[in-house]
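Residue numbers (the working numbering), protein chains in the order written: chain A, 334 to 472; chain B, 334 to 472; chain C, 334 to 472. Where a beta carbon is used, it is the ideal one built from N, C-alpha and C, also for glycine. Beneath this line is the structure, given in structure tokens, with notes to follow.
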């Protein structure tokens, strides 16, 4: 049993989904561990990690619409408004989704389902630099 | 330290909860690892894993009602409608719940609380075959 | 590679957030593992673990308001009402947030982002004793 740690950074284009499956797979391919468990941990409180369908982009567009409607960007609803109308909704949307993911690995590949992709889900309106801490352990 | 990997498959009866605590415990009982960490990863984007109360079935019935009301099955709300009115809501409900769970293990048993059970939460209307990838590590 | 297990218990003051970053860091500081992965597992179904901003308390107050409004404490909405108007909403709010967290550890410190804190998110109205099972592995 051994372990590896790493970091990935992404520039998001504002609210929406950035698929990062390829970047994570590339990092994994560079590690000696072939069978084990991969953990991704997002070091931010206004974005999320999400595993979702990566075939039809409409799935992501509909999901973005849903979260925007569920958690409105209306400053009259919140106390925490100093960083903009999108800031508190971003924290709430992040709380309703995932900050970390763990994915079993076999033969150097993540055991994702056929239609599963890993997404960075940006909740802020402006582009942001987002960092993910990686941890891998196994044999 | 050693690790084990496995798979469990379930046939869900359509929308609702299937408790899988027993099947997971049975798989765990067949492994040599007695103390460690168990990870369950669901290989689908329209169902979830959930740890919830397993005593009163009303808890699950109320939870199902809540998610059905929060994310309506109304095709006029979504772009992604080709697979049926329940498909996009299923993706959204899955995004709001869990795709993976990690549970500490001691003496060959999951360290669940007294009233905690593990559930497969099906979001699609029709019965589906659902696969869970398992990972266990420890001593 | 080695592992350690432990427990932390907290008394919550009723609905709201209790930051537990310090207690978790203290437990971690007492372990021999310096680099690895820390998992926290909450042994309850009506409270959650959450990583969120720990700078401005308004973020937490707004988040509490949001979840109270999204999942109303109105017994006419639920079947499961024997334990009080706050009980079923507590289960639903727990299902929409996290029961477990996994955080990479380096040099004996959790790799949290600059503004990230770990919170115990109590969904019940009355004070409760809450237990978290800890698992740490690494070198």
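Membership of residue 378 (chain C) in any alpha helix (DSSP H) is not indicated, and neither H nor E is assigned to it by DSSP. Following the DSSP letters along the chain, one finds residue 451 (chain A) inside the beta strand (DSSP E) bounded by residues 449-455. Within the stretch 381-407 of chain B, those residues whose Cβ lies closer than 9 Å to any Cβ of chain A are, in chain order, 403 and 404. Contact between the stretch 385-399 of chain B and the stretch 399-407 of chain A is absent: fewer than 3 CB-CB pairs across the two stretches fall below 8 Å. Apart from sequence neighbours up to five positions away, the residues of its chain that approach residue 464 (chain B) with a beta-carbon distance below 7 Å are 340, 342 and 376, ordered along the chain. Along the stretch 354-365 of chain A, none of the residues has a CB nearer than 8 Å to a CB of chain B.
The Cβ atoms of residue 379 (chain B) and residue 432 (chain B) do not sit closer than 8 Å to each other. If the five residues before and after residue 434 (chain B) are omitted, its C-beta is found closer than 6 Å to the C-beta atoms of 373 and 382, all from its own chain and listed in chain order. Under the rule that a run must span 4 or more residues, the alpha helix (DSSP H) segments found entirely inside the stretch 360-424 of chain B read 390-403. Between the stretch 357-364 of chain B and the stretch 351-369 of chain C, the count of C-beta pairs closer than 8 Å stays below three; the two stretches do not touch. Residue pairing by DSSP puts residue 443 (chain A) in a beta bridge opposite A:438.
By the Cβ-count criterion, residue 438 (chain C) is buried, with 16 or more other Cβ atoms from all chains shown falling within 10 Å of its own Cβ.
Among the residues facing chain B, residue 427 (chain A) is not included, as its CB has no counterpart in that chain under 8 Å away. Counting C-beta atoms within 10 angstroms of its own C-beta, residue 422 (chain C) has 16 or more neighbours from the protein chains shown and is therefore classed as buried. Closest option to residue 390 (chain B), judged by alpha-carbon separation, among B:347, B:450 and B:369: B:450.
Cα atoms of residue 455 (chain C) and residue 392 (chain B): separation of roughly 18 Å, rounded to the nearest angstrom. In this structure, residue 351 (chain C) keeps its C-beta atom at 8 Å or more from the C-beta atom of residue 428 (chain A). The beta carbon of residue 386 (chain C) sits closer than 6 Å to those of 392 and 448, all from its chain and outside the five residues before and after it, given in chain order.
Note: residue 356 (chain A) is not bridge-paired with any residue in the DSSP secondary-structure output.
Taking all protein chains in view, the Cβ of residue 369 (chain C) is crowded by 16 or more other Cβ atoms within 10 Å, so the residue is classified as buried.
By the rule that beta-carbons nearer than 8 Å mark a contact, residue 421 (chain B) touches chain A. Close CB contacts of residue 461 (chain A) within its chain, under the 6 Å cut and outside five residues either way in sequence, are with 345 (chain order). Distances from the alpha-carbon of residue 440 (chain A) to those of A:366, A:348 and A:337 put A:366 closest. Excluding five sequence positions before and after residue 426 (chain B), the CB atoms of its chain that fall closer than 6 Å to its own CB belong to 400, 404 and 456, given in chain order. One alpha carbon belongs to residue 459 (chain C), the other to residue 470 (chain B), and they sit about 37 Å apart. Residues of chain B with a Cβ closer than 7 Å to the Cβ of residue 466 (chain C) are, in chain order, 437 and 444. Counting the other Cβ atoms within 10 Å of the Cβ of residue 466 (chain B) gives 16 or more, which makes it buried. The C-beta of residue 469 (chain B) comes no closer than 8 Å to any C-beta of chain C. Not flagged as an interface residue toward chain A: residue 472 (chain B), since no C-beta distance is shorter than 8 Å. Rounded to the nearest whole angstrom, the CA to CA distance from residue 414 (chain B) to residue 442 (chain C) is 46 Å.
Taking the beta carbon of residue 336 (chain A) as reference, the chain C residues within 9 Å of it are 334, 368, 369, 370, 470, 471 and 472, listed in sequence order. Rounded to the nearest angstrom, the gap between the Cα atoms of residue 384 (chain C) and residue 371 (chain C) is 14 Å.
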